[in-house]
Every structure is written in structure tokens, then in C-alpha cells.
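The numbers in the working numbering rise by one with no breaks, and the one at position 140 of the sequence shown is 601. Cβ atoms here follow ideal geometry from the backbone N, Cα and C, with glycine treated the same way. This structure is a prediction, so every number in the text was calculated from the model and none was measured. Single-structure report; data block below.
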Amino acid sequence: MTERIAKQKTSRPDVVASSVGLRTTVGEVLPGGGHRGTKVMPGVAAPEPGGQFGEGDTRRILGVLITYTWRPEGELFPVREGKNFIGRDKINSDASHRSCDVQVPQDSRMSGEHALILCRHGRHDIIDQMSSNGTFLKGELLISNQSTELPSYAEIQTGSTVWTFVKIEAPLVSEEPPPTAPKDEPPKKEKSSNEVVR
Numbered sequence: 462m463t464e465r466i467a468k469q470k471t472s473r474p475d476v477v478a479s480s481v482g483l484r485t486t487v488g489e490v491l492p493g494g495g496h497r498g499t500k501v502m503p504g505v506a507a508p509e510p511g512g513q514f515g516e517g518d519t520r521r522i523l524g525v526l527i528t529y530t531w532r533p534e535g536e537l538f539p540v541r542e543g544k545n546f547i548g549r550d551k552i553n554s555d556a557s558h559r560s561c562d563v564q565v566p567q568d569s570r571m572s573g574e575h576a577l578i579l580c581r582h583g584r585h586d587i588i589d590q591m592s593s594n595g596t597f598l599k600g601e602l603l604i605s606n607q608s609t610e611l612p613s614y615a616e617i618q619t620g621s622t623v624w625t626f627v628k629i630e631a632p633l634v635s636e637e638p639p640p641t642a643p644k645d646e647p648p649k650k651e652k653s654s655n656e657v658v659r
């Protein structure tokens, strides 16, 4: 754990500036004017658009990757329509050099851009991206840069991370929005069978 003394002074002694990807905690103030220190601890970096969390990603979710390798409670990653890169770093083959869609930075055996899951036209394929340690599907080593169909509930291994892939059958998208009731009209009352109509 790295410790640093805050060098910035503010008008409020309890305010400390933080850095991207780091958490800042303020140490305890000792009675009698003791020394206050700042501990900088690694935190979770904010997700990049289109990266692991993909908050700005509007593509449809067509599957999920589940792993229990790094956390006992498990981790779940969406697999979206189009290209889904798995790796520990940035995508070098893409002009934007964005973060991988499924990013596992703690896996030292995983390549920066390890594998690609491609979802299009109702088909799901996996492609090894010439990774150092290979991509395995159901225990079989995949040939680099060759597309292989990815069945639901398949076991995939990239580096030290073992995944289960599950397809999701998304409902068909209709071109028109669902009908809404006009706001000016009161709701229509149904006639009961006991009412007499004249």
C-alpha cells in the first residue's frame, strides 16, 4: 500500500484532491495537533465508454460471459451485438484503441487483446486474436484468426480465466413504439352484464 502526504492545501482541512483510479482517505487527527496523513489506495478506475461496463453502449445484449476465477461470488459481463473483445488492456486492432469490452486486468496470462466474440445474423462466433497463451473452447485450442461457432453454455478459457458463455434470445424489435392511451380522454368504462342499455 502506497502512502503519500497530501501536499495540496485547501481552505478546508478535510478536503483532499484525488487522482483518477485511486481512492483517497484522510487519516485520523491525533489529539494535541498530531500529524494528518493521506493514504492513497488503488480503487476501481472509472469505466471508459465502450469499455468493460459500456455505459454508453446501446447495442443489444445477446449473451453473457460468467466467470468465478477471480471472485467467489462470480462476475458477469454482457456480450452485445457486433464485436466483443476479451483482454486485459486496450484493443490495438481497432482504430479507437478503446478498452476491451470484457476486461480482466488481473489475469497476467491473458493478452491485451486476447479473443473476439462476434455476434451477428443470429450467430455467435469466437476468434482467438493471436494471443500468447491461446484461447480454448471446451478444452480444445482454437486456431488463431479462425472463426469458430460458440454454442450456449460453452466453456471458454482465455489466459487463466475460465468462462461460461450463455446465449440470450432477445425479443424481436418492432419498428413502431407500443400504443399509448390518449391523455385527454378518460379511461373507458366497461359495461357490466347487469346494466340495461336503452
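Given this structure, state the Cα-to-Cα distance separating residue i from residue j, to the nearest angstrom.
{"i": "THR641", "j": "SER608", "result": "44 Å"}
{"i": "GLU601", "j": "THR519", "result": "33 Å"}
{"i": "LEU633", "j": "GLU542", "result": "13 Å"}
{"i": "GLY620", "j": "PHE597", "result": "9 Å"}
{"i": "SER592", "j": "ALA631", "result": "31 Å"}
{"i": "THR528", "j": "GLU637", "result": "37 Å"}
{"i": "GLY488", "j": "ARG532", "result": "Any reading at GLY488 needs caution, since the residue's pLDDT is 49, under 50, leaving its predicted position unreliable; the model's value is listed next. GLY488 and ARG532: Cα-Cα distance of roughly 29 Å."}
{"i": "GLN564", "j": "HIS558", "result": "13 Å"}
{"i": "LYS599", "j": "ILE617", "result": "6 Å"}
For residue i, does the three-state DSSP call read helix, strand or coil?
{"i": "ASN594", "result": "coil"}
{"i": "SER560", "result": "strand"}
{"i": "THR499", "result": "Because THR499 sits at a pLDDT of 49, beneath the cut-off of 50, its placement in the model cannot be relied upon, and the point is left open."}
{"i": "HIS575", "result": "coil"}
{"i": "GLU630", "result": "coil"}
{"i": "LYS551", "result": "strand"}
{"i": "LEU523", "result": "strand"}
{"i": "ASN606", "result": "coil"}
{"i": "GLY543", "result": "strand"}
{"i": "THR622", "result": "strand"}
{"i": "ARG581", "result": "strand"}
{"i": "GLU457", "result": "Nothing can be reported for residue 457: it is not among the residues displayed for the chain, which extend from 462 to 659."}
Take residue i as the anchor and find which of the options has the nearest alpha-carbon.
{"i": "GLY583", "options": "GLY573, ILE629, MET591 and TRP624", "result": "ILE629"}
{"i": "GLY548", "options": "GLU534, ARG532, GLU536 and SER569", "result": "SER569"}
{"i": "ALA576", "options": "LEU537, ARG521, GLY517 and TRP624", "result": "TRP624"}
{"i": "THR622", "options": "ASN545, ILE604, GLY595 and LYS544", "result": "GLY595"}
{"i": "ILE587", "options": "VAL565, SER613 and SER557", "result": "SER613"}
Which stretch, first to last residue, makes up the beta strand (DSSP E) that contains residue i?
{"i": "PRO533", "result": "Segment: none, PRO533 is in no beta strand (DSSP E) and carries neither H nor E."}
{"i": "ARG584", "result": "584–589"}
{"i": "THR619", "result": "615–619"}
Going by the beta-carbon positions, is the gap between residue i and residue j smaller than 8 Å?
{"i": "ASN553", "j": "GLY535", "result": "no"}
{"i": "CYS580", "j": "GLY524", "result": "yes"}
{"i": "PHE626", "j": "LEU537", "result": "no"}
Do residue i and the ligand SAM come close, with the Cβ less than 7 Å from some heavy atom?
{"i": "GLN607", "result": "With respect to small molecules bound, the structure shown includes none, and the ligand SAM cannot be examined in it."}
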